Amino acid sequence: MGWQGIEGHDDVVGRFVAAEARGRIAGTYLFIGPEGIGKGSFARELAKSLVCLDPRPGLGACGACVSCLQAAAGSHPDIDVVEKPEDRATIPLEVFIGDRENRMRSGLCWRILLRPAVGKRKVAIILDADHLAEEGANCLLKTLEEPPDGAVMILVGTALERQLPTIRSRSQIIRFAPLDPDVVRQVLTAGATDPAGPDAAAIAAAAARSGGSITRARLLLDPEIESFRARLLELLSARPLHGVALSREVQACVEAAGKDAPPRRARLRIVLASAIEFFRAALRHDAVGGEAVPTGRPDEASNDRLLQQAIAGWGGTADDAIDGLRLTLDALDGIERNAHLPTLVDAWSARLEPAPPPPPSRPVRI
Numbered sequence: 000m001g002w003q004g005i006e007g008h009d010d011v012v013g014r015f016v017a018a019e020a021r022g023r024i025a026g027t028y029l030f031i032g033p034e035g036i037g038k039g040s041f042a043r044e045l046a047k048s049l050v051c052l053d054p055r056p057g058l059g060a061c062g063a064c065v066s067c068l069q070a071a072a073g074s075h076p077d078i079d080v081v082e083k084p085e086d087r088a089t090i091p092l093e094v095f096i097g098d099r100e101n102r103m104r105s106g107l108c109w110r111i112l113l114r115p116a117v118g119k120r121k122v123a124i125i126l127d128a129d130h131l132a133e134e135g136a137n138c139l140l141k142t143l144e145e146p147p148d149g150a151v152m153i154l155v156g157t158a159l160e161r162q163l164p165t166i167r168s169r170s171q172i173i174r175f176a177p178l179d180p181d182v183v184r185q186v187l188t189a190g191a192t193d194p195a196g197p198d199a200a201a202i203a204a205a206a207a208r209s210g211g212s213i214t215r216a217r218l219l220l221d222p223e224i225e226s227f228r229a230r231l232l233e234l235l236s237a238r239p240l241h242g243v244a245l246s247r248e249v250q251a252c253v254e255a256a257g258k259d260a261p262p263r264r265a266r267l268r269i270v271l272a273s274a275i276e277f278f279r280a281a282l283r284h285d286a287v288g289g290e291a292v293p294t295g296r297p298d299e300a301s302n303d304r305l306l307q308q309a310i311a312g313w314g315g316t317a318d319d320a321i322d323g324l325r326l327t328l329d330a331l332d333g334i335e336r337n338a339h340l341p342t343l344v345d346a347w348s349a350r351l352e353p354a355p356p357p358p359p360s361r362p363v364r365i
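Residue numbering for the sequence shown follows numbering that gives the first Met the number 0, beginning at 0 and increasing consecutively.
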């Protein structure tokens, strides 16, 4: 068992343990790494340890004091967690400075200035830092630059280039690497308590294709997702690609996730991630003259029978694969911008479809 139940990030744990031992915990941190690898969980466990009233050596929380119990229940008055609402493209300004009626008398920037209610520290965690609008970031600048005594600010994002320069320059950056597939497999196995759930082989396959993300691995264990993946690869490998059919079937898969937006967005993310796998494999396939590329990674085309079969029947070019990658990455970004999903899928599918050839020119009679 890793530190505080956190697996796969021992190097980051060691960095914080050393900083705490030297009394050098910084005022502002920016956690960067792919989605679903445990950054948010790490931030919460770090906050729990920092506010513990009876801490153990190695930055360990006792787990029994009133502070630890409140932190575990998500009700600690000195731990503030904010995130982007599902129906918003960015974190609303009022989250930081309050609504118009209570401007600067509520919100995160006001709460962090208050004296700790329980111990000597306060911790603010800003999840979804990728979605900080410039006006929200500007409200945070002074707090990030000069956090109150005993306050620690933790921002959590997926990529450094998605953070505003003003945020990057005022934060100590902590990079989180994708989890090893074995760690993902162990976490999934530990959580597999349903006898009718996925077996060991399915868990291992999901872990291998997860890209080090537990969130993605759990989605891959959905039988509907795995079944649709075969059809998706068939549609993507067809030449010419039929955009209308692709859009219709992707939308049906997404809508089957339920009526709520969050599961639909999560399902579309995993569908687009499978498309990215396909186009990357197609590009490698073209680069070596049609042969598989044995990279040793279990999620590559050479180790994925379904993907390898789709690539073998693909008649596209390297330019087609590059265009497909670019368009699919743009579509993924559209999900994060809260785009209307049916419109997003329609546009993505239509752009993947090759343009019809120009009509033959007629000779001009003089």
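We put the CB at the ideal spot given by N, CA and C, even for glycine.
As the structure is a computational prediction, the values presented were derived from the model and not from experiment.
Margin query: Counting C-beta neighbours from all protein chains within 10 Å, is the total for GLY323 16 or more, i.e. buried, or is it exposed?
Written below: buried
Taking 8 angstroms as the cut-off, decide whether the C-beta atoms of LEU143 and MET152 are in contact. yes
TODO: Go through the segment 158-189 residue by residue and report every complete run of the alpha helix (DSSP H) that reaches 4 residues or more, in order.
DONE: 164-167
key: Integer-rounded CB distance, given that LEU328 should sit under 8 angstroms from ARG372   = No answer is possible for residue 372: it lies beyond the span of the chain, which begins at 0 and ends at 365.
query = ARG217: buried (16+ other C-beta within 10 angstroms of its C-beta) or exposed?
reply = Using a 10 angstroms sphere on the CB of ARG217, the tally of other CB atoms reaches 16 or more, which defines it as buried.
Worksheet entry | Alpha-carbon to alpha-carbon, GLY73 and CYS64 | 14 angstroms
Meets three-Cβ-pair contact criterion under 8 angstroms: the segment 98-118 and the segment 32-39: With a cut-off of 8 angstroms on Cβ pairs, the segment 98-118 is not in contact with the segment 32-39, counting fewer than three such pairs.
Is DSSP giving ARG150 helix, strand or coil here?
The sequence shown places Ala at residue 150, rather than the Arg named in the question. It is a strand residue.
Range of the contiguous beta strand (DSSP E) that encloses LEU234
Counting along the chain, LEU234 falls outside any beta strand (DSSP E), though it belongs to the alpha helix (DSSP H) covering 222-236.
field: ARG55 - partner residues in DSSP beta bridges
entry: Beta-bridge annotation (DSSP): ARG55 is paired with GLY59.
#### Entry: Member of ILE24, PHE41 and ARG23 whose CA lies at the smallest distance from the CA of PHE30
PHE41
Mind pulling the alpha helix (DSSP H) runs of 4 or more residues that sit fully within the segment 111-156?
For the segment 111-156, the continuous alpha helix (DSSP H) assignments of 4+ residues that do not extend past its boundaries occur at 133-144, in sequence order.
TODO: Classify ASP322 as helix, strand or coil using the three-state DSSP reduction.
DONE: helix
Requested in this report: Please name the residue, chosen from GLU133, ALA256, ALA251 and GLY312, that lies closest to LEU232 on a Cα-to-Cα basis.
Outcome: GLY312
Output the distance between the C-alpha atoms of ILE173 and ALA136, rounded to the nearest integer angstrom. 19 angstroms
Worksheet item: So which of ASP319, GLY242, ALA255 and ALA20 has the shortest CA-CA distance to PHE278?
Response: ASP319
**Item:** Enclosing alpha helix (DSSP H) for THR27 [first to last residue]
**Value:** From DSSP, THR27 is part of no alpha helix (DSSP H) but of the beta strand (DSSP E) over 27-31.
Where does VAL270 land, buried or exposed, given buried means 16+ other C-beta within 10 angstroms? Under this definition VAL270 is a buried residue.
**Request:** Take PRO262 as the anchor and find which of LEU305, SER236 and THR214 has the nearest alpha-carbon.
**Result:** The candidate whose alpha carbon is nearest that of PRO262 is THR214.
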